[in-house]
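Residue numbers (the working numbering), protein chains in the order written: chain A, 5 to 350; chain B, 5 to 350.
Ideal Cβ positions, reconstructed from N, Cα and C, are used throughout, including at glycine.
Nothing here was measured: the structure is a model prediction, and the numbers come from that model.
There are 2 protein chains.
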Amino acid sequence: MSKHYQRPIDFKHGRVEMTHGAGGRASAQLIETLFAKYFHNDYLGQGDDGALVPSPSERIVIATDSHVVSPLFFPGGDIGALAVHGTVNDVAVCGATPLYLSAGFILEEGFPLSELEKIVASMARAAQQANVTIVTGDTKVVEKGKADGVFINTTGVGIVPKGIHLSGKFCKPGDAIILSGYIGEHGVAVMSKRQNLEFDTTVKSDSASLNSLTDALVRSIPTLRCMRDPTRGGLGTTLNELASQSGVGMRIFEEKIPISEAVESACEFLGLDPLYVANEGKLIAICGKEDAPRLLEIMKAHPLGSHAEIIGHCVEDENHFVEMKTAFGGSRMIDWLSGEQLPRIC
Amino acid sequence: MSKHYQRPIDFKHGRVEMTHGAGGRASAQLIETLFAKYFHNDYLGQGDDGALVPSPSERIVIATDSHVVSPLFFPGGDIGALAVHGTVNDVAVCGATPLYLSAGFILEEGFPLSELEKIVASMARAAQQANVTIVTGDTKVVEKGKADGVFINTTGVGIVPKGIHLSGKFCKPGDAIILSGYIGEHGVAVMSKRQNLEFDTTVKSDSASLNSLTDALVRSIPTLRCMRDPTRGGLGTTLNELASQSGVGMRIFEEKIPISEAVESACEFLGLDPLYVANEGKLIAICGKEDAPRLLEIMKAHPLGSHAEIIGHCVEDENHFVEMKTAFGGSRMIDWLSGEQLPRIC
């Protein structure tokens, strides 16, 4: 029989049904009239079980992230855009140019199709802005109560320019630690919409693709050691990861860490330490001391780095401690995040 | 502070906690003592946000699949092995040699760590058998009741040998349709363990990686048009997909379709049509008529193709109908799967 559909999907009033994930006609219809419509490109249009893409002439980076953020829509973003930004950034901080994304959806039966369409449209916009192509995908549906609306996995593939070698292992004592802007915005924005917690704030998520910024750094900073986006676990945990990977200590300066008043007061209200609150559009870059002014200049010239600061430097320390000089002249150890602080933030 | 963990994770009696997904010390500990232990390899060991792998000298294929099978353990397999087989096969049927997998876990709070360890160990075994490397991963945890134990996304990257061009679009009238063995085993095996449905059967899932078989065909069959693994939606839906993609009709012969007595009687008991029951280790290959005997011979010589049969051929048909000649000499239209038949089969 032909694939002609009996009736169009009602994206205004309809809901996700188990048949949308069964692999038959309803699945094909959802793919054709939703995913292919918004993600439209030649690779996706191949219609085979995987996407065939040209031979990359460089080393490739592969990164994956499943997104379970709750709620699905929050000030400054939604799970769709976040699923693009998160994986684009994981690829980009490895020094790579992100090219391709896969998208795997797990949908809960009964989820409104109107919301799914908003999410898919938002993903498509985010992918276009980041100049990446969603080349292949998958959709599964689970029974009502067996998931929480929508979970999205994205996996990204990018290429690393010749001669570029970055890793969290490459930090050396004396290296400068530069942060691209205000911390804690994503976490606070998401928390402000949690059902049991709603509070008034002007804070919006910083969710954004960092690849144009990372690209500029990769091209211009010869001593660039590594980049990292401080997401789950926040700035504090990410610095600890890098210190531990490289076998160095770190000294950072509280007064240099960019933080907005709105985030500061929200964190006080919520009893959160902003050092551990997630960011989704911030960059930590570590480079040789001699290149720090140039790196800072490039960041500040970029729309996503206008509040960048040199927040500290690496030191010799066999314990790999991250120590913060406080605004009052004291000193505080910055440990790894040890509790959960903010569940389901990305 | 250093990353030294206060106490080891209790994989025998412990359960997944929200902190395991928070990105802090507990996440790092789970990654180190579970995922890195079983998936151990140099790429994963890089410890950066993505895995850097060598430049592929050929075109690459990217395929993704989220796995939500229920129950998680079934005769002949489990969600871990299935998550490897499913994506390896999606890459392999594109004519590619699968090289790398990413693994994205969504875990439900309270899930027993002992079961998670079994699943991860099974994934590692399956990856080793298929000769693919799990190069990067991600773990999220959602609250109890917001997922169903474990969901696993895998995304695969493989390389396509020079000169190989396969697609579901390439079938021509006259082409032979070859199936590698018994249908319906995976679906029946999973259904036999559903809580509300348990019934006695000897059927085991056929879940397996097909890449050594597809590789043999790619190398030896000059007129190979396409390959496809008939998973969700079964043989019936997959043939319809290919017919529609290529703009041909298909004629298949019921008596040629390999099916075991055990699957046949289970399907009768369950009221299922085996043509629409999922397979996870079966291959459909379509090639020029002249190569069909050679293709069949190669399949039969492979452990995963010993019951292979030429089940039919492509015909000119502007409606792209799939028609089956029944064992009794009649004829039946094989439509796309239109209902759900078997929810959460993969």
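Span separating the alpha-carbon of residue i from that of residue j
i: Leu228/B; j: Ala289/B; result: 7 Å
i: Gly188/A; j: His306/A; result: 20 Å
i: Leu287/A; j: Gln50/A; result: 36 Å
i: Pro12/B; j: Asp339/A; result: 19 Å
i: Phe15/B; j: Leu246/A; result: 28 Å
i: Ser70/B; j: Ser213/A; result: 24 Å
i: Arg232/B; j: Asp219/A; result: 39 Å
i: Ala134/B; j: Gly172/B; result: 24 Å
i: Gln33/A; j: Met303/B; result: 34 Å
i: Asn21/A; j: Pro102/A; result: For the sequence presented, residue 21/A should be read as Glu rather than Asn. Rounded to the nearest angstrom, the two C-alpha atoms are 34 Å apart.
i: Leu183/B; j: Ala87/B; result: 22 Å
i: Asn157/B; j: Pro60/A; result: 24 Å
i: Leu170/B; j: Cys230/B; result: 5 Å
i: Val207/B; j: Gly162/A; result: 43 Å
i: Asn200/B; j: Ser74/B; result: 12 Å
i: Gly309/A; j: Arg255/A; result: 22 Å
i: Phe78/A; j: Val194/A; result: 6 Å
i: Glu301/A; j: Pro58/B; result: 33 Å
i: Glu344/A; j: Gly28/B; result: 8 Å
i: Thr68/B; j: Leu56/A; result: 13 Å
i: Cys350/A; j: Ala282/B; result: 33 Å
i: Tyr359/A; j: Gly237/B; result: Residue 359/A lies beyond the stretch modelled for chain A, which goes from 5 to 350, so this question has no answer here.
i: Ala352/B; j: Gly108/B; result: This structure does not reach residue 352/B, given that chain B is present from 5 up to 350, and the question cannot be answered.
i: Ala180/A; j: Phe174/A; result: 12 Å
Presumed contact (8 Å Cβ cut-off) between residue i and residue j, rounded CB distance
i: Val222/B; j: Cys318/B; result: That belief does not hold up - the Cβ atoms of Val222/B and Cys318/B are roughly 20 Å apart, past 8 Å.
i: Glu268/B; j: Asp210/B; result: No, Glu268/B and Asp210/B are not in contact; Cβ-Cβ is about 15 Å, not under 8 Å.
i: Ala151/B; j: Glu112/B; result: 4 Å
i: Phe257/B; j: Ile315/B; result: 6 Å
i: Leu341/A; j: Thr241/A; result: 5 Å
i: Leu239/B; j: Leu279/B; result: 5 Å
i: Ile83/B; j: Leu76/B; result: 5 Å
i: Val124/B; j: Phe39/B; result: 6 Å
i: Gly160/A; j: Leu105/A; result: 5 Å
Any C-beta of chain B under 7 Å from that of residue i
i: Asp94/A; result: yes
i: Pro347/A; result: yes
i: Cys175/A; result: no
i: Cys98/A; result: yes
i: Gly49/A; result: no
i: Met5/A; result: The predicted model places Met5/A with a pLDDT of 42, which falls under 50 and marks its position as unreliable, so this point remains unresolved.
i: Gly28/A; result: yes
i: Thr101/A; result: no
i: Glu327/A; result: no
i: Gly253/A; result: no
i: Pro4/A; result: Since the first residue of chain A shown is 5 and the last is 350, residue 4/A is not available in this structure.
i: Gly191/A; result: no
i: Met22/A; result: yes
i: Thr241/A; result: yes
Within chain A, partners of residue i - CB distance below 7 Å
i: Tyr104/B; result: Ile66
i: Thr159/B; result: Thr68, Ser106, Thr159
i: Gly81/B; result: Neighbours of Gly81/B on chain A: none; closest Cβ ~17 Å, over 7 Å.
i: Leu217/B; result: Those do not exist, as Leu217/B stays about 15 Å from chain A at its closest Cβ, beyond 7 Å.
Cross-chain neighbours of residue i in chain A, by beta carbon under 9 Å
i: Gln249/B; result: Gly51, Asp52
Cutoff 7 Å: residue i Cβ touching any chain A Cβ
i: Pro307/B; result: no
i: Ser126/B; result: no
i: Ser171/B; result: yes
Within chain A, the residues that residue i reaches when beta carbons sit closer than 8 Å
i: Gly237/B; result: Ala26, Gly27, Gly28, Ser31
i: Glu62/B; result: Ser59
i: Ala55/B; result: Val65, Ile66, Ala67
i: Val164/B; result: Leu56
i: Gly343/B; result: Thr23, Ala26, Gly28
Under 8 Å by beta carbon: chain B residues contacting residue i
i: Thr140/A; result: Ile66, Ala67, Thr68
Closer than 9 Å at the beta carbon, the chain B residues around residue i
i: Ala3/A; result: In the structure as shown, chain A starts at 5 and stops at 350, and residue 3/A therefore has no counterpart that could be examined.
Interface residues of chain B facing residue i [CB-CB closer than 7 Å]
i: Arg232/A; result: Asp53
Legend entry - alpha helix (DSSP H) runs contained entirely in the segment 270–338 of chain A, provided each spans 4 or more residues: 296–305
Inset, instruction - Pick out the complete alpha helix (DSSP H) segments inside the segment 37–62 of chain A, 4 residues or longer, and give them in chain order. - result: Inside the segment 37–62 of chain A, DSSP marks whole alpha helix (DSSP H) runs of 4 or more residues at positions 40–43, from first to last along the chain.
Legend entry - Complete runs of the beta strand (DSSP E) confined to the segment 80–126 of chain B [at least 3 residues]: 101–112
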